[in-house]
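Enquirer: This is the structure, below, for whatever I ask next.
Chains as they are written, first to last, in my numbering: chain A, 1 to 297; chain B, 1001 to 1227.
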C-alpha cells in the first residue's frame, strides 16, 4: 500500500468504518512507515483535542438542566390538560345517547385502573391476566408491555448501552459510590487490572419502569471495551434472558447476542453483568472475577 | 389520579411520567447537544435556547423515536432541523467549500519530526498552543461540515447515524468529513508554522493543494445557478 492510498483511508480507519482486510493492509503499511504513523497519530491528537476544547467551551451548568427539566414538565402539563379537555368534549358529546352505559364504562375504566396499579409486580403472575381476560375488560398484555421489558428487550437494552455508551457522569473512582443513591444497591468499582483493563468512567443507564443500572466502562490494552453493569437483580431480571451454566462451581448466566457476549452473576440480590466484544467464556471469567472481588471486600 | 376521568387512552402513560422518563433517557445527552449548538450559533444564550427548543421538540415527537437506535443521533437530527429553521445566522452562512476534491493531502508532505513537534507526546493531544487555533478553525467551517466533523470526531457516531442526523447520504458524510478534516489539518499546520512549532519547511506546497479556499456563498450560488 502506498502512502498516497493510505492517505485516503486512515480517517475511515480511525472512524472504525474500514473493512477488516483493509485494516490489516493498513496496519502492515503503518509498521514500516514513520511518516504515516505520525500522520495517523496527529489525526488522533486532533480528535482528542477537539473533543476537549469543544466541551470546555460549552460547559454545562445546573441552571440549564433545571430550566430544561422545568420546561419539559410544563410541556407535559399542557399536553395533559389538552388531553383532559378533549376527553371531556368526547364525554359530553356522547353522554345524551349512552345513558346507563356511561356508568358501566366508568366502572370498567375504574376496574382497569385498579388492575393496572395493582399489577405492576408480576410478569410471572399469570392469574391476573386470566382474570382480566375473563372480566372481558381487556387483554392487559399491552398495558403490561409498557411497564416491564421482556427478557429479549432487556438483553437488547444492555447490549445497546454497550455499543452506544452514554456520556460518563463520573470519571473519578471516589465518586462512583454517588451512583448508589439512584441504583439502590451498593456499587463497587472492581479492578480489572489483572485482565489489562482500565476503568474509564461510569454513569447511570435508564431501565424502563425501574431504577437505573450503574454502568462502568473499561478498556483493555488491546482496545476491547468492557462494560460492567451493577443493578438490583430483583427488579432487573437480566439473568432470565441468559443461559445458566456452572463456572468454578457457581452458576453464571451468559449469552452471545448480536456479535457481543454478556455474562451475569448474582450476589445477595445484586446483579453484576459484563458485556464485551469477547467470547462468552471471557465475559464469564470477568464477571466471576468481579463478584469474587466484591465478596472479598 | 383516583376519581378523575382517565384522560389518556388505555395503557398509555401520563404526559408527566412520559416527561420523567424522557428526562432520564435523553437528558444525559445535554452536554453533547450544548457542545454542538455552541459551535453552530454565536452566543451562549442562543446555544442554550437552541438546545431547549430541540429537547422540547424531541419530547413532542417522542413517539417517533425508534427504541434501540442511538438517542444521540436522533436528538442531533432534531437539533439540526431546529437550527436550520430559525437559528441559522447569516454570518455563519458566509463560507462554503468549493472546488474539486483536489489531491488528498499526502501524509508525507510534512515530515514525521514536524508532525511530532505539534503533538504533546505524553497526553497524545495537540500541543497546548494549538488548542485555541483548533477551536477557531472548527468555527470557520460551514455549519454542515462543522456538525458532520463534530458528530464523527467528538461524538463518535457511525457514518450511518451521522447520515440520519444530517439527512444526507453516507457518501456526503464521508466527503464532508474528508474535506472538513483536511482543511482543519492544513489550518493547524499553518498555525503551527506561524507559532514556530514546526521549523522544517513543508516538503510540498501544501496549503494550496490541501486547502480548498472557502468562498462567498453568493459566488457559490451563482456558480451553481450557472450549471
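All C-beta atoms in this analysis are idealised placements derived from N, C-alpha and C, irrespective of residue type, glycine included.
Under the three-state reduction of DSSP, which class applies to residue 43 of chain A: helix, strand or coil?
Expert: Helix.
Enquirer: If the cut-off is 7 angstroms on Cβ atoms, which residues from the stretch 252 to 264 of chain A count as contacting chain B, listed in chain order?
Expert: Correct list: empty, as no residue qualifies.
Enquirer: Any C-beta of chain B sitting closer than 7 angstroms to the C-beta of residue 301 of chain A?
Expert: In the structure as shown, chain A starts at 1 and stops at 297, and residue 301 of chain A therefore has no counterpart that could be examined.
Enquirer: Could you tell me how far apart the beta carbons of residue 283 of chain A and residue 261 of chain A are, in whole angstroms, since I believe they sit closer than 8 angstroms?
Expert: Right, their Cβ atoms sit about 4 angstroms apart.
Enquirer: What's the call for residue 1164 of chain B, buried or exposed, on a 16-neighbour Cβ count within 10 Å?
Expert: Residue 1164 of chain B comes out buried.
Enquirer: Quick check: is the beta carbon of residue 139 of chain A nearer than 7 angstroms to any beta carbon in chain B?
Expert: For residue 139 of chain A, the predicted structure reports a pLDDT of 37, less than 50, and the residue's modelled location is therefore unreliable. The matter cannot be settled from this model.
Enquirer: Check for me: the alpha helix (DSSP H) holding residue 1149 of chain B runs from which residue to which?
Expert: Here the alpha helix (DSSP H) through residue 1149 of chain B covers 1143 to 1149.
Enquirer: With 7 angstroms set as the bound, which would you pick, yes or no: does the beta-carbon of residue 93 of chain A sit closer than that to a beta-carbon of chain B?
Expert: By this cut-off, residue 93 of chain A is not an interface position.
Enquirer: Anything in chain A within Cβ reach of residue 1154 of chain B, meaning under 8 angstroms, just list it in chain order.
Expert: Under the 8 angstroms cutoff, chain A gives 47, 50, 51, 54, 55.
Enquirer: Report the residue ranges of all alpha helix (DSSP H) runs contained in full by the stretch 161 to 240 of chain A; include only those spanning at least 4 residues, in chain order.
Expert: DSSP runs (the alpha helix (DSSP H)) wholly in the stretch 161 to 240 of chain A: 180 to 183.
Enquirer: Within the chosen definition, does the stretch 215 to 234 of chain A reach the stretch 243 to 255 of chain A through at least 3 CB pairs nearer than 8 angstroms?
Expert: No contact exists between the stretch 215 to 234 of chain A and the stretch 243 to 255 of chain A.
Enquirer: Name the chain A residues that come within less than 9 angstroms of residue 1175 of chain B, Cβ to Cβ?
Expert: Under the 9 angstroms cutoff, chain A gives no residues; its nearest Cβ is about 11 angstroms from residue 1175 of chain B.
Enquirer: I need the DSSP call for residue 1180 of chain B, collapsed to helix, strand or coil.
Expert: Helix at residue 1180 of chain B.
Enquirer: Does any residue of chain A bring its CB to less than 7 angstroms from the CB of residue 1125 of chain B?
Expert: Cβ-Cβ to chain A under 7 angstroms: yes for residue 1125 of chain B.
Enquirer: Report the residue from A/63, A/88, A/42 whose alpha carbon sits nearest the alpha carbon of residue 1182 of chain B.
Expert: Among A/63, A/88, A/42, the Cα nearest to that of residue 1182 of chain B is on A/42.
Enquirer: Nearest CA to the CA of residue 1058 of chain B: which residue from B/1035, B/1068, B/1018, B/1133?
Expert: The residue with the shortest Cα to Cα distance from residue 1058 of chain B is B/1018.
Enquirer: Check for me: the beta strand (DSSP E) holding residue 267 of chain A runs from which residue to which?
Expert: Counting along the chain, the beta strand (DSSP E) containing residue 267 of chain A begins and ends at 260 to 267.
Enquirer: Helix, strand or coil, according to DSSP, for residue 1159 of chain B in the structure here?
Expert: Helix at residue 1159 of chain B.
Enquirer: Straight-line CA distance for residue 76 of chain A to residue 226 of chain A?
Expert: If I take the Cα positions, the gap works out to 37 angstroms.
Enquirer: Report back the beta-carbon spacing between residue 173 of chain A and residue 189 of chain A to the nearest angstrom; my notes put them in contact at under 8 angstroms.
Expert: Yes, residue 173 of chain A and residue 189 of chain A are in contact; Cβ-Cβ is about 5 angstroms, under 8 angstroms.
Enquirer: Are the CB atoms of residue 49 of chain A and residue 1125 of chain B nearer to each other than 7 angstroms?
Expert: Yes. Within cutoff.
Enquirer: If you draw a straight line from the C-alpha of residue 1028 of chain B to the C-alpha of residue 1114 of chain B, how long is it?
Expert: Going from the Cα of residue 1028 of chain B to the Cα of residue 1114 of chain B covers about 40 angstroms.
Enquirer: Would residue 238 of chain A and residue 271 of chain A be called neighbours here (beta carbons separated by less than 7 angstroms)?
Expert: Yes; because the gap between Cβ atoms is below 7 angstroms, this pair is in contact.
Enquirer: Taking only beta-carbon positions, decide if residue 160 of chain A is within less than 7 angstroms of chain B.
Expert: Interface residue, yes.
Enquirer: Are residue 1153 of chain B and residue 217 of chain A touching if we call contact CB-CB under 7 angstroms?
Expert: Cβ atoms of residue 1153 of chain B and residue 217 of chain A: not closer than 7 angstroms.
Enquirer: Inspect the beta-carbon positions of residue 1159 of chain B and residue 1149 of chain B and report whether they are closer than 7 angstroms.
Expert: Taking 7 angstroms as the Cβ cut-off, residue 1159 of chain B and residue 1149 of chain B do not qualify as a contacting pair.
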